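Visitor:
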Amino acid sequence: EAGVAQSPRYKIIEKRQSVAFWCNPISGHATLYWYQQILGQGPKLLIQFQNNGVVDDSQLPKDRFSAERLKGVDSTLKIQPAKLEDSAVYLCASSLDLTNEQFFGPGTRLTVL
Amino acid sequence: RKEVEQDPGPFNVPEGATVAFNCTYSNSASQSFFWYRQDCRKEPKLLMSVYSSGNEDGRFTAQLNRASQYISLLIRDSKLSDSATYLCAVELNNDMRFGAGTRLTVKP
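As you go down the protein sequences, you meet chains H and A in turn.
Under my numbering, the first residue of the first sequence carries the number 10, and numbering increases by one thereafter.
Under my numbering, the first residue of the second sequence carries the number 11, and numbering increases by one thereafter.
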């Protein structure tokens, strides 16, 4: 069974630029999560989708971050404009439903210069 | 107080040693508890769920203490391949909160 796919794997941008990350969850998984993991810290939930609806985005910095999951499958996370402190690994995870085990993708490592 | 707290370590132990990690959580209404393993520059992978009655999987034992609001992970007979960061995760109302992780290095 294919796992969670993410692209790109690495991205280097300058501050104030925009960037977008893509996630394809495991087939059939209704719930999709975006996490931010800063070096030396645990993953921090940014946003959680159930199908194409947002369940929780309380920790998403909405002035610069946005995410969508239009057809309830793939998802994109955008940062516009990026700041130095956005340098982190952005992990996508999916689960069958809200209370099931989460499977993580390999992450996108973002460096903001 | 942080929602989920872990001793960052590092824990440096010899092969064959027994090592234990604790993770404390602040919200007594938390419903589900997990241990994840994260290798360097890799994604977290579920190691085991933590049940009220405790659970064991080979050399790994996880326990929950609701009264004191902590979970624990015990690793017996440590292997070199156990070297990783161990993250605890606590779920409340379908919202998962992770600790910062405890780094373990098992040495020959």
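Note that CB positions come from ideal geometry on N, CA and C, so glycine has one too.
Computed from a predicted model, the values in this text were never measured in an experiment.
Please report the straight-line C-alpha distance between H:Phe30 and H:Val63, rounded to a whole angstrom.
Guide: The count along the first sequence starts at 1 and reaches residue 30 of chain H at position 21. The count along the first sequence starts at 1 and reaches residue 63 of chain H at position 54. Those two C-alpha atoms are separated by around 18 Å.
Visitor: How is the beta strand (DSSP E) around H:Leu93 delimited, first residue to last?
Guide: The count along the first sequence starts at 1 and reaches residue 93 of chain H at position 84. No beta strand (DSSP E) contains H:Leu93, which DSSP labels as neither H nor E.
Visitor: Can you name, in chain order, every residue of its own chain whose Cβ lies under 6 Å from the Cβ of H:Tyr19, other than the five neighbours on each side?
Guide: Residue 19 of chain H sits at position 10 when you count from the first residue of the first sequence. Within the same chain, H:Tyr19 has close Cβ partners Arg118.
Visitor: Is the separation between the beta-carbon of H:Val13 and that of H:Ser84 shorter than 8 Å?
Guide: Translated into positions along the first sequence, residue 13 of chain H becomes position 4. Translated into positions along the first sequence, residue 84 of chain H becomes position 75. Result no, Cβ atoms of H:Val13 and H:Ser84 do not sit closer than 8 Å.
Visitor: Within its chain, find whatever has a CB closer than 7 Å to the CB of A:Val116; leave out the 5 residues flanking it on each side and keep chain order.
Guide: Sequence index remark: in the second sequence, residue 116 of chain A carries index 106 (1-based). Excluding positions up to five away in sequence, the list reads Val23, Glu25, Ser88, Lys89, Leu90, Asp92 and Ser93.
Visitor: List, in order along the chain, the chain A residues whose C-beta lies closer than 7 Å to that of H:Glu110?
Guide: In the first sequence, counting from the first residue as 1, residue 110 of chain H sits at position 101. Going along chain A in sequence order, the residues near H:Glu110 (Cβ under 7 Å) are Leu56.
Visitor: From this set, A:Arg51, A:Arg69, A:Ile81 and A:Ala77, which residue's C-alpha is nearest A:Ser59's C-alpha?
Guide: Counted from its first residue, the second sequence places residue 59 of chain A at position 49. The residue with the shortest Cα to Cα distance from A:Ser59 is A:Ile81.
Visitor: To the nearest angstrom, how far is it from the Cα of A:Asn32 to the Cα of A:Leu83?
Guide: As a position in the second sequence, residue 32 of chain A is number 22, starting the count at 1. As a position in the second sequence, residue 83 of chain A is number 73, starting the count at 1. Answer to the nearest angstrom: the Cα atoms are 7 Å apart.
Visitor: By a C-beta neighbour count over all protein chains shown, 10 Å radius and 16 as the cutoff for buried, is A:Thr34 buried or exposed?
Guide: Taking the second sequence and counting its residues from 1, one reaches residue 34 of chain A at position 24. Classification of A:Thr34: buried, given that the 10 Å Cβ count is 16 or more.
Visitor: Classify A:Ser91 as helix, strand or coil using the three-state DSSP reduction.
Guide: Position 81 of the second sequence holds residue 91 of chain A. The answer is helix: DSSP assigns A:Ser91 an H, G or I state.
Visitor: Since A:Glu25 is in the beta strand (DSSP E), which residue starts that stretch and which ends it?
Guide: Start at 1 with the first residue of the second sequence, and residue 25 of chain A comes out as number 15. Note, A:Glu25: premise wrong, no beta strand (DSSP E); not H, not E.
Visitor: Could you work out which residues of chain A lie near H:Arg69, taking near to mean beta carbons separated by less than 8 Å?
Guide: In the first sequence, residue 69 of chain H corresponds to position 60, counting from 1. For the record, residue 69 of chain H in the displayed sequence is Leu; it is not Arg. None at all; the shortest Cβ gap to chain A is about 13 Å.
Visitor: Using DSSP's beta-bridge definition, name the partner residues of A:Gln41.
Guide: The sequence position of residue 41 of chain A within the second sequence is 31, counting from 1. DSSP, once it has assigned bridges, lists no residue as partnering A:Gln41.
Visitor: Relative to the C-alpha of H:Gln123, which candidate in H:Pro115, H:Asp106, H:Phe74 and H:Leu105 has its C-alpha closest?
Guide: Lying before the first or after the last residue shown, residue 123 of chain H is absent from chain H, which here runs from 10 to 122.
Visitor: Against H:Asp83, what residues of chain A qualify as contacts under a CB-to-CB distance less than 7 Å, listed in chain order?
Guide: For the purposes of this step, residue 83 of chain H is taken as residue 74 along the first sequence, with counting starting at 1. In chain order: nothing, as chain A lies at least about 18 Å away.
Visitor: When you compare each of H:Asn109, H:Leu107 and H:Ile22 to H:Asp95 by their alpha carbons, which one comes out closest?
Guide: Position 86 of the first sequence, counting from 1, holds the residue named residue 95 of chain H. It is H:Ile22.
Visitor: Is the stretch 102–118 of chain A in contact with the stretch 44–60 of chain H, if contact means three or more CB pairs nearer than 8 Å?
Guide: Segments in contact, yes.
Visitor: Is there a C-beta anywhere in chain A that falls below 8 Å from the one on H:Gln50?
Guide: Here residue 50 of chain H refers to the residue found at position 41 when the first sequence is read from its first residue. It does; some Cβ of chain A falls within 8 Å.
Visitor: When you compare the CB positions of H:Val82 and H:Pro52, do they come within less than 8 Å of one another, or not?
Guide: If you number the first sequence from 1, residue 82 of chain H lands on position 73. If you number the first sequence from 1, residue 52 of chain H lands on position 43. No, the pair does not count as a contact, with Cβ atoms beyond the cut-off.
Visitor: Among A:Val29, A:Ser78, A:Leu57 and A:Glu66, whose alpha-carbon lies nearest the alpha-carbon of A:Ser38?
Guide: For this step, residue 38 of chain A is matched to residue 28 along the second sequence. Of A:Val29, A:Ser78, A:Leu57 and A:Glu66, the residue nearest in Cα terms is A:Ser78.
Visitor: The beta strand (DSSP E) that contains H:Thr40, what's its start and end?
Guide: In the first sequence, residue 40 of chain H corresponds to position 31, counting from 1. Counting along the chain, the beta strand (DSSP E) containing H:Thr40 begins and ends at Thr40 to Gln46.
Visitor: Between the Cα of H:Ser67 and the Cα atoms of H:Trp43, H:Arg78, H:Gln50 and H:Thr120, which residue gives the shortest distance?
Guide: For the purposes of this step, residue 67 of chain H is taken as the residue at position 58 of the first sequence. Closest by alpha carbon: H:Trp43.
Visitor: In or out: A:Pro118 buried (at least 16 other Cβ within 10 Å) or exposed?
Guide: Sequence index remark: in the second sequence, residue 118 of chain A carries index 108 (1-based). The residue in question, A:Pro118, is exposed, as its Cβ has fewer than 16 Cβ neighbours within 10 Å.
Visitor: Using 8 Å as the threshold, is the C-beta distance between A:Arg86 and A:Pro20 below it?
Guide: On the second sequence, position 76 is the one that residue 86 of chain A refers to. On the second sequence, position 10 is the one that residue 20 of chain A refers to. No, the Cβ-Cβ distance between A:Arg86 and A:Pro20 is not below 8 Å.
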